[in-house]
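Asker:
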Amino acid sequence: MNAITIIVPIFGIILIGWAAAVVGLLSERVSDGLSEYVFAVAVPALIIVTLTRPGLDGEIAWSYWISYFGGAGLSWLVGSLIALRRKGIGRQGAILHGFAASQSNTIFVGVPMILQAYGDEGAFPLFLLLAVHLPIMMGFATFLLEAEGDKPLLLRLRSLALVLLKNPIFVSLLIGMALKVLHLTPGGPVKAILDAFAATASTCALVALGAGLRRYRVMFDLPGALVVALLKCVLHPLAVWVLAFHVFAMPPAYAGVATLFAAMPVGINSYLLAMRYKTETGLIAASVLVSTLIAPATTIAWLTLLGHA
42 MNAITIIVPI FGIILIGWAA AVVGLLSERV SDGLSEYVFA VAVPALIIVT LTRPGLDGEI
102 AWSYWISYFG GAGLSWLVGS LIALRRKGIG RQGAILHGFA ASQSNTIFVG VPMILQAYGD
162 EGAFPLFLLL AVHLPIMMGF ATFLLEAEGD KPLLLRLRSL ALVLLKNPIF VSLLIGMALK
222 VLHLTPGGPV KAILDAFAAT ASTCALVALG AGLRRYRVMF DLPGALVVAL LKCVLHPLAV
282 WVLAFHVFAM PPAYAGVATL FAAMPVGINS YLLAMRYKTE TGLIAASVLV STLIAPATTI
342 AWLTLLGHA
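If you're matching positions, the sequence shown starts at 42 in my numbering and goes up one per residue.
1. For a test of the three-state rule: what should DSSP assign to Ala-350, helix, strand or coil?
2. Can you have a look at Leu-198 and say buried or exposed, based on whether 16 or more other CB atoms are within 10 angstroms of its CB?
3. Under a three-way DSSP split, which group does Ser-68 fall into?
4. Report the start-end ranges of each beta strand (DSSP E) in the stretch 139 to 177 that is 3 residues or longer and not cut off at the edges.
5. Starting from the Cα of Leu-196, find the closest Cα among Leu-276, Lys-207 and Phe-184 and give me that residue.
6. Output the residue ranges of the alpha helix (DSSP H) runs that lie fully inside the stretch 61 to 133 and measure 4 residues or longer, sorted by chain position.
7. Between which residues of its own chain and Lys-207 is the CB-CB distance below 7 Å, once the five residues before and five after are set aside?
8. Can you round the beta-carbon distance between Met-305 and Tyr-105 to whole angstroms, since I take them to be within the 8 Å contact cut?
9. Measure how close the beta-carbons of Leu-156 and Leu-167 come, nearest whole angstrom, since I'm counting them as under 8 Å.
10. If you follow the alpha helix (DSSP H) that His-277 is in, where does it begin and where does it stop?
11. Looking at the structure shown, is Trp-59 part of a helix, part of a strand, or coil, going by DSSP?
12. Which same chain residues end up closer than 8 Å to Leu-263 when comparing Cβ atoms and leaving out the 5 residues on each side of it in sequence?
13. How long is the line joining the alpha carbons of Ala-350 and Ala-270, rounded to whole angstroms?
14. Give the C-beta separation of Ser-116 and Ala-294 to the nearest angstrom, bearing in mind that I take them to be a contact with Cβ-Cβ under 8 Å.
15. Buried or exposed for Pro-85, going by 16 or more other Cβ atoms inside 10 Å?
16. Which of the three DSSP states is assigned to Ser-328 in this structure?
Structure, rendered in structure tokens:
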């Protein structure tokens, strides 16, 4: 019942956002604007507020990173190998299949879900992982996709750095970490403004995700999309769970956050990369939708296994 209590509000709001888009209460323009607001304003404010909260401390354990990215690497490899065995999928398409199978929907589902499940105990490891998840996963995917391009290595790295520095999530993580190291906490009107924006992050993110699902077409390649979705929601968290709980030693909250982080559905960034490189867009879009549809069931299973049910 505890697991159901956690996921029902999360996926219930996603369903309401989708239904509002289907009946025309939310247009695509509103959905896109809400997504931009969440990405550029609400979640960055939530990150800064959380990271500068007094008493939010924790350790930085290498086993935590190895467990999460070890699981991500396995899921990426399996996803790419399966794609290469399918007719008509080239090298870039296989890379995108693997990326989708290991790229978690952190902003729209992961942050509200994990904070709901673990509260303050999970906040530090969550935002710590969020800080490196974006640059490592996006950076590695971009590097692989551009590996046969004509750009020199230094130029590719410079382009990647510029992309990250223009990303509000990455910049807010840098600001939050800097304020934490300097022991500075926003106060007065600044804190009030940040708190007001942060309070809207979870609900707006979930509504935006639900409304955005309407544009994806699940029947484009249902078998392929289901394979990617199962790799993302089952294999990725399973590998992380084995590493975090049975191979390495770390605080229970860290192991649980890493596992639940990995259990989130396919991230929107995989679809954005597919659009940018104009390959496998239909299948990746379908994978986002299918993984989000099966996520309530798989999330209950993972929360139960993690001891929250």
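In this text, a Cβ means the ideal position worked out from N, Cα and C, and glycines have one as well.
Predicted model, so just to flag it, every value in this text is computed and none were measured.
Answerer: On the basis of the data shown:
1. A caution first: Ala-350 carries a pLDDT of 40, below 50, which makes its placement in the model unreliable, though a value can still be read off. Reduced to three states, the DSSP call for Ala-350 is coil.
2. An exposed status is given to Leu-198, since fewer than 16 other beta-carbon atoms sit within 10 Å of its beta-carbon.
3. The DSSP-derived three-state label of Ser-68 is coil.
4. Runs of the beta strand (DSSP E) inside the stretch 139 to 177: none found.
5. In this structure, Phe-184 is the residue among Leu-276, Lys-207 and Phe-184 with its C-alpha nearest to the C-alpha of Leu-196.
6. Counting only runs of 4 or more, we get 69 to 78, 84 to 92 and 103 to 125.
7. Around Lys-207: no qualifying Cβ.
8. Rounded, the Cβ-Cβ distance is 17 Å, inconsistent with contact.
9. Leu-156 to Leu-167, Cβ: 7 Å. Contact.
10. Residues 277 to 283.
11. When DSSP states are grouped into helix, strand and coil, Trp-59 belongs to the helix group.
12. Excluding positions up to five away in sequence, the list reads Ala-327 and Val-331.
13. With a pLDDT of only 40 at Ala-350, under 50, the local geometry of the prediction cannot be trusted, and the value read off the model is given with reservation. If you draw a straight line from the Cα of Ala-350 to the Cα of Ala-270, it comes to about 24 Å.
14. Incorrect: roughly 23 Å between the Cβ atoms, too far for contact.
15. Pro-85 should be labelled buried.
16. The answer is helix: DSSP assigns Ser-328 an H, G or I state.
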